[in-house]
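Under the numbering used here, the first residue of the sequence shown carries the number 2, and numbering increases by one thereafter.
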Amino acid sequence: TTTTTAGGGGGGGGSCVAQQSVTISVVTSGTPASTTFTNADLGMQSIEITSSASATNVIVTVKQSSRPALAPSPVSATGFVYKYLDITTTLNSSFITNTRIRFNVTKAWIAANKINAGTIALNRLVGDAWVKLPTTKISETNITINFEAVSPGLSIFVITGSRSVTFFDVIAKIDDYYKGRTTFFDVI
2 TTTTTAGGGG GGGGSCVAQQ SVTISVVTSG TPASTTFTNA DLGMQSIEIT SSASATNVIV
62 TVKQSSRPAL APSPVSATGF VYKYLDITTT LNSSFITNTR IRFNVTKAWI AANKINAGTI
122 ALNRLVGDAW VKLPTTKISE TNITINFEAV SPGLSIFVIT GSRSVTFFDV IAKIDDYYKG
182 RTTFFDVI
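Written as structure tokens, this is what we have:
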């Protein structure tokens, strides 16, 4: 069962929040159970959950989100946020032993922000800190690059990437330092 929501406001300028809930009929203890997402606005392809307990009719929900108020910035000065995702399930979180999350990032966003695709990562909010998860490029299409990340559980996530720094970028920073426009710490 799949439920897709793109809530919004009427009249002038309401915002839409991409969201999709999918039901996994049976989760067997110790066996990965996978579900596929079809809402392209989420950039989510699939989630595979391994549980220490069996369960039926497990609902997994992915909702486009924003940075929680008390969470620190997940990126450095050269980093960019692609999107925040809140991923929840009706399965008791203490039963989750592993998850594999497949997501995609548009090549248009990568090009527009001059992102080095090798730096794209899924980060998980744990307490009040972002933890960068092992993220691997798995394939690409004409429109997106597809990645897989491994996480010990579900939470709020953020997809990030960093700019490629060229030789000329470094020279420009050094030049700005010598001209008094930046500090030494901006250069390094």
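Even for Gly, the Cβ is constructed at its ideal location relative to N, Cα and C.
Bear in mind that the values here come from a model prediction, so they are computed numbers and not experimental data.
Output the distance between the C-alpha atoms of residue i and residue j, rounded to the nearest integer angstrom.
i	j	result
G80	K115	10 Å
L86	F38	13 Å
N147	L71	30 Å
T62	S22	4 Å
I25	D177	56 Å
V106	L134	16 Å
N93	S55	11 Å
N143	A109	10 Å
G119	I111	11 Å
G31	V82	34 Å
A41	F168	36 Å
I88	S152	12 Å
Below 8 Å on the Cβ atoms is my contact criterion, and I expect residue i with residue j to pass it. Report the Cβ-Cβ distance as a whole number of Å.
i	j	result
T136	I157	No, T136 and I157 are not in contact; Cβ-Cβ is about 16 Å, not under 8 Å.
Q65	A113	The pair is not a contact, with the Cβ atoms about 19 Å apart (cut-off 8 Å).
Please work out which residues of its chain come closer than 8 Å, Cβ to Cβ, to residue i, disregarding the five sequence neighbours upstream and downstream, and give them in chain order.
i	result
A130	P73
A34	I25, V27, V28, E49, I50, T51, S52, V59
T90	I50, V59, I60, V61, T62, I97, L155
P69	L126, I157
Indicate whether residue i and residue j have their beta-carbon atoms separated by less than 7 Å.
i	j	result
P75	T184	no
R101	E141	no
S165	N117	yes
N124	V171	no
Considering only residues of the same chain and omitting the five flanking positions on each side of residue i, which have a CB-CB separation below 6 Å?
i	result
G44	F104, N105
S47	S35, T37, R103
Closer than 7 Å by C-beta to residue i: which residues in its own chain qualify, once you throw out the five before and the five after it? Chain order, please.
i	result
V132	N124, R125
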